[in-house]
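Trainee:
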Amino acid sequence: MRPIVILTVFLLTSFLAAQRKYPDPYKFEFKKIADDIYLAYRPNPLKALVEGNSTIIINDRDVVVFDATGSPRGAGQIVDKIKELTEKPVRYLINSHGHGDHTLGNQVFVKAFPGCEIIAREETRKYMSAPEGSTGKNRGIAYVYEFQTEAGIEKRIKYLQDEIEKVKQEAKPGYQAILDNLTEYLEQDLALRRKEYLSVEVTPPTFTFENQLTLHRGDREIQLLYLGKGDTPGDVWLYLPRKKMLCSPDAFVHPIPYGFSRNPLEWLETLKGVREMDFDMIIPGHGEIQYDKAYLSLVIALLETIQDQVKEAVQKGMSLEATEAFVKVDHLQHKFTQNDPVKTYYFEGYSKSPVIQRTYNELTKSE
Ligand SMILES: [Zn+2]
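Numbered by the working numbering, the letters in the sequence shown go through residues 292 to 658 in order.
What follows is the structure, encoded as structure tokens:
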């Protein structure tokens, strides 16, 4: 058989076999936050296939949604839920940032509610738009199109197989749980993700703003705020001053922070600014609602301790490799992981390692 045929058979058989085995990664659940506010979330934020939170705000005459989730199927469930709750249309969909797990459901909202505008920062629009001069399909968010090719899927299968092998070799305490987590993605979720991406048309925002945009809906004020670079330069926060409720982009993720910001120094300042704000509830980009500032302070402490130590390492002239060995976060790590092996695996891969690397890169680049 040709490799493509073998691969397709592999994906199909593994998909059919696995359907009975693992939970659906695109199945959303809903939580009522207030009479007219709902959170859509995918349970278990620590699956290898990540899905962003989405907040539904029902107003006097319309509905505002913060983030579209990462698939047409996820977004479809949210649209169905909205139609069940109200006859009012979604007038504004906000993209907290451009990453696919928050924006690849955009097309479903536009189709279901033809008047719907998608609001974001210009940086997000740029990230989701075709590079200048390109022809054919929209090439924003390149990995979507990689998923549509056999070569792109092969690359990911290979990566996962290598990663599984590495975890086996290292055999850290409780590593079987990590293997199970990665195997679930390899055997089922990767094929489901590809199926979704085959129907995705990257749909960029239609309405952009710089620093602040306020929507007045009856006596409700919905503030859309740029508070500095966070996970991306497009990061937007939604703030309801009366409800004292804040919705976050991926600058704030629970229970394990995403440390891939290319501006880690500014990210820390952004979070410190957020901590000064008056809110009783914060909905992270992923994970559970936080009703106090304890977890936010923990994330700030992690970024601070890494930054301090990387600065010291850079002053001593250390290489990146030496810096990675030099920086110690053990005193904070267990507060994130509670020594759970899967949490520890993602803490190392999503938080510690990328924050050290990117802080080092930013500090050495500016010198
Ligand atoms: Zn995300």
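C-beta atoms are modelled at their ideal positions from N, C-alpha and C, and glycine is treated no differently.
Using only the alpha-carbon positions, how far apart do residue 480 and residue 474 sit?
Mentor: Rounded to the nearest angstrom, the two C-alpha atoms are 9 angstroms apart.
Trainee: Does the separation of the CB atoms of residue 357 and residue 385 fall below 7 angstroms?
Mentor: Taking 7 angstroms as the Cβ cut-off, residue 357 and residue 385 qualify as a contacting pair.
Trainee: Quick one: grab the DSSP three-state call for residue 572.
Mentor: Three-state result, residue 572: strand.
Trainee: What does a CB cutoff of less than 7 angstroms around residue 553 pick up in its chain, not counting 5 residues either side in sequence?
Mentor: Once the five neighbours on either side are set aside, the close Cβ partners of residue 553 are 649.
Trainee: Given the structure, does residue 659 come close to ligand 1, in the sense that its CB is under 6 angstroms from one of the ligand's heavy atoms?
Mentor: Only positions 292 to 658 of the chain appear in the structure, and residue 659 is not among them; the question remains open.
Trainee: Going along the chain, which residues of its own chain have a beta-carbon closer than 8 angstroms to the beta-carbon of residue 335, five neighbours each way excluded?
Mentor: 314
Trainee: Contact defined as beta carbons within less than 8 angstroms: I believe residue 618 pairs with residue 597. What is the distance between those atoms, to the nearest angstrom?
Mentor: The C-beta separation of residue 618 from residue 597 comes to about 6 angstroms, placing the pair in contact by the 8 angstroms criterion.
Trainee: Do you know whose CA, among 393, 343 and 365, lies nearest residue 486's CA?
Mentor: 365
Trainee: What does residue 598 pair with, by DSSP beta-bridge criteria?
Mentor: According to DSSP, residue 598 bridges with nothing at all.
Trainee: On the criterion of 16 or more Cβ atoms from any shown chain inside 10 Å, does residue 545 qualify as buried, or is it exposed?
Mentor: Buried, since its Cβ has 16 or more Cβ neighbours within 10 Å.
Trainee: Run the proximity test for residue 545: is its beta-carbon closer than 6 angstroms to any non-hydrogen atom belonging to ligand 1?
Mentor: no
Trainee: Under the rule that 16 or more other beta-carbon atoms within 10 Å means buried, what is residue 541, buried or exposed?
Mentor: buried
Trainee: Within its chain, find whatever has a CB closer than 8 angstroms to the CB of residue 505; leave out the 5 residues flanking it on each side and keep chain order.
Mentor: 512, 513, 514 and 515
Trainee: May I ask which residues mark the beginning and end of the alpha helix (DSSP H) holding residue 487?
Mentor: 481-488
Trainee: Between which two residues does the alpha helix (DSSP H) harbouring residue 626 extend?
Mentor: Per DSSP, residue 626 belongs to the alpha helix (DSSP H) from 621-628.
Trainee: In three-state terms, what does DSSP make of residue 507?
Mentor: strand
Trainee: Between the region 461-468 and the region 628-640, do three or more beta carbon pairs fall short of 8 angstroms?
Mentor: Taking 8 angstroms as the limit for Cβ pairs, the verdict is that the region 628-640 does touch the region 461-468.
Trainee: My parser needs the alpha helix (DSSP H) runs of 4 or more residues fully inside the region 390-463; what are they?
Mentor: 391-394, 397-403, 413-419, 433-438 and 441-461
Trainee: In the structure shown, what three-state DSSP assignment does residue 356 receive?
Mentor: strand
Trainee: In this structure, does DSSP put residue 642 in helix, strand or coil?
Mentor: helix
Trainee: What residue range is occupied by the uninterrupted beta strand (DSSP E) comprising residue 383?
Mentor: 381-385
Trainee: Could you please give the first and the last residue of the uninterrupted alpha helix (DSSP H) stretch that includes residue 468?
Mentor: 466-475
Trainee: Would you report the Cα separation of residue 658 and residue 608, rounded to the nearest angstrom?
Mentor: Caution is warranted here: a pLDDT of 47 is assigned to residue 658, below 50, making its placement in the model unreliable, and the coordinate value is therefore given only provisionally. Looking at the two C-alpha atoms, the distance is approximately 12 angstroms.
Trainee: Could you name the residues of the same chain whose beta carbon sits closer than 6 angstroms to that of residue 292, not counting the 5 residues immediately before and after it, in chain order?
Mentor: Here the model assigns residue 292 a pLDDT of 47, short of 50, so the residue's position is not dependable, and the following value carries that caveat. Nothing meets the Cβ criterion.
Trainee: If you measure from the CB of residue 327, is any heavy atom of ligand 1 nearer than 6 angstroms?
Mentor: No, since every heavy atom of ligand 1 falls outside the 6 angstroms radius drawn around the Cβ of residue 327.
Trainee: Would you list the residues sitting across from residue 325 in a DSSP beta bridge?
Mentor: The partner list for residue 325 (beta bridge, DSSP) reads 328.
Trainee: Could you tell me the alpha carbon to alpha carbon distance between residue 393 and residue 569, rounded to whole angstroms?
Mentor: 25 angstroms
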